[in-house]
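1079 is the number that the working numbering gives to position 177 of the sequence shown; each next residue is one higher, with no gaps. Note that beta-carbon positions come from the ideal geometry of N, C-alpha and C, so glycine has one too. Model, not experiment: these values are computed from the prediction.
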Amino acid sequence: MTIDERDDRRPSPALGFMTDLASVADIRPVAVPLTPGDPAARGGADTIDLTVAEAGVGGRPLLLVHGFTGAKEDFRDVVAPLAAAGHWVVAPDLRGHGAGPHPPGEASYGLDRFAADLSGLVDVLGWDRFDLLGHSMGGMIAQKVALAHGSRIDRLVLMDTATGGVDGSEHGADPDNAALMRIGVELCRSEGIAAIAAVLQMGDQPLESPAHQRLAEQPGWTEWESGKFLACSGDMWCAMVEEFLSTPDRMDLLASLPMPTLVVVGEQDRAFRAVSARMAEVISDARLSVIPDAGHSPQFENPSAWYAAVAGFLAR
């Protein structure tokens, strides 16, 4: 079932902007078991420490998963209101992002590695069942977790994400985008993640939305985004770009998802509008929420509408 919720005007709490995450959540490391053969298991280590933000302990478990080159702080403004609404919110930094960890080697990274970390995390937290939200690449990871552990997930939110093949060419980007991304991988391997950041700052952003451009005008926003990017592992960046370019579309697999699902996408997110609509059609118990006046990060670009859609769905 597909429902366009762009006109949803349910009340939502006043949300902050650029909230200090440490002021509303406990920031702590969680030792997560490594799966056999994980290259991060060096020196006899059998766990990896994921840094998480946690609030509302004892409420209804909710795992928030950020996207590529993001961090747990991507949910900084919504952790407190979600916790106040009765959710036990946990937002981790994926390996290679934010506070780390940053294991060396491209083989240490991949959608399957991230999904295994999250599966281990919810086990360590003692969550038998939980709600799951994934943003962008985090949505791709969430799909893997949901397909592997569907009986444990009560509600799934897939936000501005895809099912594979995310070089952008099918969504209106330059058809040479894949070739440019491969050049970027070679540059990152030779010069490091800072070289990629410098190139991105100089280049055009054809899919950047007006909503995101408004964010960029806010004091401190551009510096914060740049800091998140530079905190990422270069090995992770290279590994994930390579995987994005080679991951086939897995849309047909989503038909087997049993849980109620909300597919969220910003109205101005040209890269993911079409695939989001298809996901909402394929998943048997899914609804589509198009967030007006928002692009790829609607939790920042139109937080009230985003919160109304997501919190309303999770409360059902």
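Which of helix, strand or coil DSSP assigns to residue i
i     : result
D979  : coil
A943  : coil
A1096 : helix
V1101 : helix
M1083 : helix
G1218 : Correcting the residue type first, residue 1218 is Arg in the shown sequence and not Gly. R1218: coil per DSSP, three-state reduction.
V1047 : helix
M1061 : strand
L923  : helix
Continuous alpha helix (DSSP H) stretch holding residue i: start and end
i     : result
D1014 : 1013-1027
L996  : Per DSSP, L996 belongs to no alpha helix (DSSP H) and is neither H nor E.
P1200 : 1200-1203
C-alpha gap between residue i and residue j, whole angstroms
i     : j     : result
R911  : W1208 : Residue confidence for R911 is low, a pLDDT of 41 falling below 50, so the modelled location carries little weight; the figure read from the coordinates is stated next. If you take the alpha carbons of R911 and W1208, they lie about 10 Å apart.
E1072 : A1081 : Per-residue confidence for E1072 stands at a pLDDT of 44, beneath the threshold of 50, marking its modelled position as unreliable; no derived number is given.
A1009 : I1055 : 28 Å
L923  : E975  : 7 Å
E1203 : R978  : 13 Å
T953  : R1116 : 30 Å
A985  : G961  : 8 Å
P1112 : Q1170 : 8 Å
T971  : P935  : 23 Å
D1187 : M1181 : 11 Å
T1124 : V1166 : 24 Å
V987  : G1086 : A small fix is needed here, since residue 987 is Ala in this sequence, not Val. Going by the C-alpha atoms only, they are around 42 Å apart.
L891  : L1049 : Residue 891 lies beyond the range of the chain shown here (903 to 1218); nothing can be said about it.
P983  : M1161 : 24 Å
R1084 : S1135 : 17 Å
H989  : A1001 : 24 Å
Burial state of residue i (16 or more Cβ within 10 Å)
i     : result
S1158 : exposed
L1102 : exposed
L1020 : buried
F1215 : buried
M1104 : exposed
F1131 : buried
Q1120 : exposed
G1007 : exposed
Span of the beta strand (DSSP E), counted from its first residue to its last, around residue i
i     : result
F1032 : 1032-1037
A957  : 949-957
P935  : 928-935
L966  : 962-967
Short CB-CB distance (under 8 Å) between residue i and chain C
i     : result
E1183 : Any reference to chain C falls outside this structure, which holds one protein chain only.
Report the start-end ranges of each alpha helix (DSSP H) in the segment 1111-1194 that is 4 residues or longer and not cut off at the edges. 1112-1118, 1123-1132, 1136-1148, 1175-1184
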